[in-house]
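As you go down the protein sequences, you meet chains A and B in turn.
In terms of the working numbering, the numbers along the first sequence are unbroken and rise by one, the last being 110.
In terms of the working numbering, the numbers along the second sequence are unbroken and rise by one, the last being 1581.
Everything below concerns the one structure shown next.
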Amino acid sequence: MSKVLRRTVVVSNPQGLHARPADLLVRMATQFESNILIGRGGETVDCKSILSLLTLGAALGTELSVTAEGDDAENAIDSIEQFFLRGFDEPGFEAAGSDEVTETDSTSSA
Amino acid sequence: MVELQGIPVSPGVAIGPALVLDAAGYRIPRSLLAADEVDVEFARLRDAVDRVSTRLESNRLETAAVAGEHTGDIFAAQLQMLHDPRLQAELRRRIREENQSAAYAVSRVLHNYAEALRRLDNPLLADRAEDVLDIEKQLLLCLGAVSDGPLADLNEPVIILSHVLTPSETANLDRKYVRGFCTETGGPGGHTAIVAKGLELPAVVGIGSFLDRVGDHTCVIVDGDRGRVIIDPDAETLASYKQRLKERRSLTARLSELRDMPAETIDGTPIRLSANIEFPHETTTCIERGADGVGLYRTEFLYLSSAEEPSEEDHYQAYSQVVREMEGRPVVIRTLDLGADKMGQRPLAEQEHNPFLGLRSIRLSLRNLDLFRPQLRAILRAAVHGDIRVMFPLITTIGELRQARMLLNVVAEDLEESGTPHRSNIPVGMMVEVPAAVMMLERFAEEVDFLSIGTNDLAQYTLAVDRSNEYVADLYQSSDPAVLRLIARCVEVAAEFDRPLSICGEMSSSPARALLLLGMGVRHLSVPPSSLLRVKKAIRSVSIQQCEKIAQRVMKLEAARDVDLYLLDRLGEYVPELIVT
């Protein structure tokens, strides 16, 4: 039986969802059978399409909603959420909660 | 008639029929297939995708082997784009259901993606549009829809209209037919601008989106003096520009009479007037136009013109040629002044998010001694052939200057030990282009033989403006009063320490601004070869006293615009011949 799961993730690395993380995200998503959509507002795109992901233009702090539908939806959405929490495994990115990142950001721009 | 305003980067007027290039430099006509051709066409697309895929994979492996996995991943992302399911589905739909040719479908779909990326307010992603267009181009090449050199088959005079022209594309423009160009993107200090000026090709960049409003063969006027592009001009405008073109030609003829006359003011103050060059062959023009030497030899093209880093021998050959052809006149060689972002084959190349504040220029050289040493060795070796001087760019701290000097000494000792012919007692100077260096200039002046102000970077770093960013390029003005104050301070310190000071940025190439610099006490200007005679004309038309008055007045003004308007007025008064209407 297929499930539909929805979760909100936040882009937490300074450069946003650029080419490299988008590539990794697609590779992750394609490991699952589930249909995975990601987006914000009314605009959702196929999480297995790198070009679509890039055109989201998701910068630091962008909230995205992820929907997974399929037998492995739960695994899929967990993996993706973790990937966002880890700052896309970018080199030099200190694993940090999104609150902390926002705080650092506001001090640096002051 | 449509008038567009952009950024003038290379002076002159060009009139001719338009050749509109799309973003990547070619245009794919819409063509439809007969129903029975669809299968074959789709198979051709599959084949092209496979071939591009193989190529990208080998690019990835080769790059990763040389520059590390992280850099190789650029091509991994391109591969992912190529196999994007949405992209493939859209291509299939266009070919199978809309009977479009594979080439047309590829061109349309990838363009739409590139356009969507460009529209994002995010420079990092906007740059990815280049990746998308790169894929497009490779697919089109495999489909036989484009040839490698889209600009190679010209057979009539044209004005090139394009979204972007890269420096190498610009350098390769067929001068026989290309009269001028204008682009939607670009800024005044980019390499494309510098190349255009070197080729004396009238050019206007940073116009913003306009290509959809022009068709091929439409008459276009490029006014590289004022940054204006006129599409389909009315008869009156066309006639007035043709007149200007004629006047310019006769001005050029009159100016050429100045070549053997000294660059001195009416009151007899001698001014050193040197040339900035990129390529060794430019020495011919320098000599023809009576330059006192090469005040700035940019060595970056050695690095940009080939996929491999230049060897010591490449450096040596180029420098020897320049210094020999300058026949005893001084040649100031500036060491590598590139950002890591331009050094594709080096690790760290694409990790910088703010390359202008990053690992560039002398910083890059000092961090990559295997890159820096061959250049320094070549400079000292070539110095046996004439008056070579070396200059370090972007010096910010005294430590950098000392490190660079020390390395020069080490290299000299190596050459000495191995018995290689060289000369090590050459003058060593620095570029002053970071406000920090201006503020600390007394310390630097004690440790260098000469100073040279690079006004392009000095303006950029003072005004916090990326000069290649079309959104803020208008804030970038080397005549900004803040920049002028920094220059004034440099002149003072140079005089106090008795160090020769030259100005080698774009600023000195404008005759009006040159008058100001003379008034501020500058006695050595280095300008592009194309500006030598105009600047000499200006110098020979004024007295130092007049210039000093100009400088006093300018220092009271508040904005770059006021400064330039005032200077233009003075130029009109003292050297009316140079004012092109």
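Note that beta-carbon positions come from the ideal geometry of N, C-alpha and C, so glycine has one too.
What you are looking at is a predicted structure, and each value in this text was computed from that prediction instead of being measured.
(message) Between the alpha carbons of B/L1245 and B/A1235, how many angstroms are there, rounded?
(response) In the second sequence, the residue the question calls residue 1245 of chain B occupies position 245. In the second sequence, the residue the question calls residue 1235 of chain B occupies position 235. Computed Cα separation, rounded: 15 Å.
(request) May I have the straight-line CA-CA distance separating B/N1409 from B/R1377, to the nearest angstrom? (result) Taking the second sequence and counting its residues from 1, the one referred to as residue 1409 of chain B is at position 409. Taking the second sequence and counting its residues from 1, the one referred to as residue 1377 of chain B is at position 377. Distance from the CA of B/N1409 to the CA of B/R1377, rounded to the nearest whole angstrom, comes to 10 Å.
(request) Can you check the stretch 1471 to 1546 of chain B for any alpha helix (DSSP H) of at least 4 residues that lies completely inside it and give the ranges in chain order? (result) 1481 to 1496, 1511 to 1519 and 1532 to 1540
(request) Can you grab the Cα-Cα spacing for the pair B/N1099 / B/A1034, in whole Å? (result) By one-based count along the second sequence, residue 1099 of chain B stands at place 99. By one-based count along the second sequence, residue 1034 of chain B stands at place 34. Cα to Cα, the separation comes out at about 7 Å.
(request) Using three-state DSSP, classify B/E1413 as helix, strand or coil. (result) Position 413 of the second sequence, counted from the start, is the residue given in the question as residue 1413 of chain B. B/E1413: helix per DSSP, three-state reduction.
(message) Which of the three DSSP states is assigned to B/G1187 in this structure?
(response) The sequence position of residue 1187 of chain B within the second sequence is 187, counting from 1. Here B/G1187 sits in coil by DSSP.
(request) Using a Cβ cut-off of 8 Å, pull out every chain B residue sitting near A/I50, in sequence order please. (result) The residue labelled residue 50 of chain A in the question sits at position 50 within the first sequence. Neighbours of A/I50 on chain B, chain order: A1077, Q1080, M1081 and D1084.
(request) Assign B/N1276 to buried or exposed, taking buried as 16 or more other Cβ atoms, counted over all protein chains shown, within 10 Å of its Cβ. (result) Residue mapping note: residue 1276 of chain B aligns to position 276 of the second sequence, counting from 1. Taking all protein chains in view, the Cβ of B/N1276 is crowded by 16 or more other Cβ atoms within 10 Å, so the residue is classified as buried.
(message) Can you find the residues in the same chain that come closer than 8 Å, C-beta to C-beta, to B/L1517, ignoring five residues on each side of it along the sequence?
(response) Your numbering for residue 1517 of chain B matches position 517 in the second sequence. Excluding positions up to five away in sequence, the list reads I1487, I1503, M1507, S1508 and L1525.
(request) Give the interface partners of B/H1353 over in chain A, defined as CB-CB distance under 8 Å, in chain order. (result) Here residue 1353 of chain B refers to the residue found at position 353 when the second sequence is read from its first residue. Those are P14 and Q15, listed as they occur along chain A.
(request) Taking C-beta pairs closer than 9 Å, name the residues in chain A that B/V1469 reaches, listed in chain order. (result) Against the second sequence, residue 1469 of chain B aligns to sequence position 469. A small fix is needed here, since residue 1469 of chain B is Asn in this sequence, not Val. The premise fails here: B/N1469 is roughly 17 Å from chain A at the closest Cβ pair, so nothing lies under 9 Å.
(message) For B/D1121, list the residues DSSP reports as bridge partners.
(response) Numbered from its first residue, the second sequence carries residue 1121 of chain B at position 121. Paired residues: none, contrary to the question.
(message) So for B/D1232, helix, strand or coil by DSSP?
(response) The sequence position of residue 1232 of chain B within the second sequence is 232, counting from 1. Coil, per DSSP.
(request) Give the DSSP-derived three-state secondary structure of A/I80 in the structure shown. (result) Taking the first sequence and counting its residues from 1, the one referred to as residue 80 of chain A is at position 80. Reduced to three states, the DSSP call for A/I80 is helix.
(request) Quick one: measure Cβ to Cβ for B/S1479 and B/D1564, integer angstroms, because I've assumed they're closer than 8 Å. (result) On the second sequence, residue 1479 of chain B is found 479 positions in, with the first residue counted as 1. On the second sequence, residue 1564 of chain B is found 564 positions in, with the first residue counted as 1. Confirmed, Cβ separation roughly 5 Å.
(message) Assuming A/T67 is part of the alpha helix (DSSP H), what are its boundary residues?
(response) Indexing the first sequence from 1 puts residue 67 of chain A at position 67. Unbroken run through A/T67 is the beta strand (DSSP E), E63 to G70; no alpha helix (DSSP H).
(request) Label A/H18 either buried or exposed according to how many other C-beta atoms from any shown protein chain fall within 10 Å of its C-beta, with 16 as the threshold for buried. (result) On the first sequence, position 18 is the one that residue 18 of chain A refers to. Buried is the call here.
(request) Output, in sequence order along the chain, the residues in the stretch 1107 to 1135 of chain B whose CB is closer than 8 Å to any CB in chain A. (result) Y1113, A1116, L1117, L1120, D1121, N1122, L1124, L1125, R1128, D1131 and V1132
(message) Please tell me whether B/L1087 has its Cβ less than 8 Å away from any Cβ of chain A.
(response) The sequence position of residue 1087 of chain B within the second sequence is 87, counting from 1. So, interface residue.
(message) Taking CB distances under 8 Å as the criterion, tell me whether A/A68 reaches chain D.
(response) The structure shown has no chain D; the protein chains it does contain are A and B.
(request) Would you please verify whether the beta carbon of A/T55 is less than 8 Å from any beta carbon of chain B? (result) As a position in the first sequence, residue 55 of chain A is number 55, starting the count at 1. It does; some Cβ of chain B falls within 8 Å.
(request) Measuring only between beta-carbons, confirm whether A/V10 sits less than 8 Å from chain B. (result) Locating residue 10 of chain A in the first sequence gives position 10, where the first residue counts as 1. For A/V10, the answer is no, since every Cβ of chain B falls outside 8 Å of its Cβ.
(request) Report the three-state DSSP secondary structure of B/P1202 (helix, strand or coil). (result) On the second sequence, position 202 is the one that residue 1202 of chain B refers to. The answer is coil: DSSP assigns B/P1202 none of H, G, I, E or B.
(request) Classify B/Y1574 as helix, strand or coil using the three-state DSSP reduction. (result) Reading the second sequence from its first residue, position 574 is the one you call residue 1574 of chain B. In the structure shown, B/Y1574 sits in a helix (DSSP, three-state: H, G or I).
(message) What would DSSP say about B/E1309, mapped onto helix, strand or coil?
(response) Here residue 1309 of chain B refers to the residue found at position 309 when the second sequence is read from its first residue. Secondary structure at B/E1309: coil, using DSSP grouped into helix, strand and coil.
(request) Kindly indicate the opening and closing residues of the beta strand (DSSP E) around B/A1014. (result) Indexing the second sequence from 1 puts residue 1014 of chain B at position 14. Note, B/A1014: beta strand (DSSP E), V1013 to V1020.
(request) Quick one: grab the DSSP three-state call for A/G35. (result) Reading the first sequence from its first residue, position 35 is the one you call residue 35 of chain A. In the sequence as displayed, the identity of residue 35 of chain A is Asn instead of Gly. Note: A/N35 maps to strand in three-state DSSP.
(message) Please report whether the beta-carbon of A/L86 lies at a distance below 8 Å from any beta-carbon of chain B.
(response) Along the first sequence, read from residue 1 onward, the residue named residue 86 of chain A stands at position 86. For the sequence presented, residue 86 of chain A should be read as Arg rather than Leu. No, no contact with chain B.
(message) Please confirm whether A/R20 has its beta-carbon closer than 8 Å to some beta-carbon of chain B.
(response) Translated into positions along the first sequence, residue 20 of chain A becomes position 20. By this cut-off, A/R20 is an interface position.
(request) Check whether the Cβ atoms of B/L1568 and B/K1537 lie closer than 8 Å to each other. (result) Indexing the second sequence from 1 puts residue 1568 of chain B at position 568. Indexing the second sequence from 1 puts residue 1537 of chain B at position 537. Against a cut-off of 8 Å, the Cβ pair of B/K1537 and B/L1568 comes out as no contact.
(message) Which same chain residues end up closer than 7 Å to B/A1473 when comparing Cβ atoms and leaving out the 5 residues on each side of it in sequence?
(response) Looking up residue 1473 of chain B in the second sequence gives position 473. Cβ within range, chain order: I1007, G1187, P1188, G1206 and R1467.
(message) Taking a contact to mean a Cβ-Cβ separation below 8 Å, would you say B/T1335 touches B/P1393 in this structure?
(response) Start at 1 with the first residue of the second sequence, and residue 1335 of chain B comes out as number 335. Start at 1 with the first residue of the second sequence, and residue 1393 of chain B comes out as number 393. Yes, the Cβ-Cβ distance between B/T1335 and B/P1393 is below 8 Å.
(request) Could you tell me if B/A1349 is buried or exposed, where buried requires 16 or more neighbouring beta carbons within 10 angstroms of its beta carbon? (result) To locate residue 1349 of chain B, count along the second sequence from 1; it is residue 349. At B/A1349, the pLDDT of 48 sits below 50, so the modelled position is not reliable and the matter cannot be decided from this model.
(request) Report buried or exposed for A/G41, applying the criterion of at least 16 other Cβ atoms within 10 angstroms of its Cβ. (result) On the first sequence, residue 41 of chain A is found 41 positions in, with the first residue counted as 1. Exposed, because fewer than 16 other Cβ atoms sit within 10 Å of the Cβ of A/G41.
(message) Alpha carbons only, please: which of B/G1505, B/P1355, B/G1572 and B/M1326 is nearest the one belonging to B/P1280?
(response) As a working note, residue 1280 of chain B is residue 280 in the second sequence. The shortest C-alpha separation from B/P1280 is found at B/M1326.
(request) Tell me, to the nearest whole angstrom, how far the beta carbon of B/F1372 is from that of B/S1365; I am working on the premise that it is less than 8 Å. (result) Counted from its first residue, the second sequence places residue 1372 of chain B at position 372. Counted from its first residue, the second sequence places residue 1365 of chain B at position 365. Confirmed, Cβ separation roughly 4 Å.
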